[in-house]
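In the working numbering, the protein residues as written are 4 to 99.
The C-beta atom is built at its ideal place from N, Cα and C for all residues, glycine as well.
Note that this is a predicted model, so its numbers are computed, not measured.
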């Protein structure tokens, strides 16, 4: 774990970075816990953003993102329940 690829341009300015967050085999319970926590963090981010912004368009956009994430979490739970005893997970954040 801890993969860190940093690519620099000719002026030594960072233009891309990768952070490996998760890599490995996990029990069904641990997989569900990790994925649930990551999705909940993203949901809280959108909820907090709604409180800061008063634009109706922005609120509708964020509410749709929250609904999408909730639906994805439900789908993930269903898939994990049908999986074997262990699940292989790989999660990397790429910043550009």
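With DSSP as the reference, label residue 4 as helix, strand or coil.
Taking the first residue of the chain shown as 1, we reach residue 4 at position 1. Interpretation of residue 4 is limited by its pLDDT of 47, a score under 50 that renders its predicted location unreliable; no figure is taken from the coordinates.
For residue 91, collect the residues of the same chain with a Cβ closer than 6 Å to its Cβ; drop the 5 residues on either side in sequence, then sort them by chain order.
Walking along the chain shown from the start, residue 91 turns up at place 88. Closer than 6 Å at the Cβ level, and outside the excluded window around residue 91, lie 28.
Can you find the residues in the same chain that come closer than 7 Å, C-beta to C-beta, to residue 45, ignoring five residues on each side of it along the sequence?
Numbered from 1 along the chain shown, position 42 holds the residue referred to as residue 45. For residue 45, where only same-chain residues beyond five positions count, the Cβ hits under 7 Å are 72.
Out of 30, 38, 76, 79, state which residue places its alpha-carbon closest to the alpha-carbon of residue 94.
The count along the chain shown starts at 1 and reaches residue 94 at position 91. Checking every option, the nearest Cα to that of residue 94 belongs to 38.
Since residue 84 is in the alpha helix (DSSP H), which residue starts that stretch and which ends it?
Numbered from its first residue, the chain shown carries residue 84 at position 81. Here the alpha helix (DSSP H) through residue 84 covers 59 to 85.
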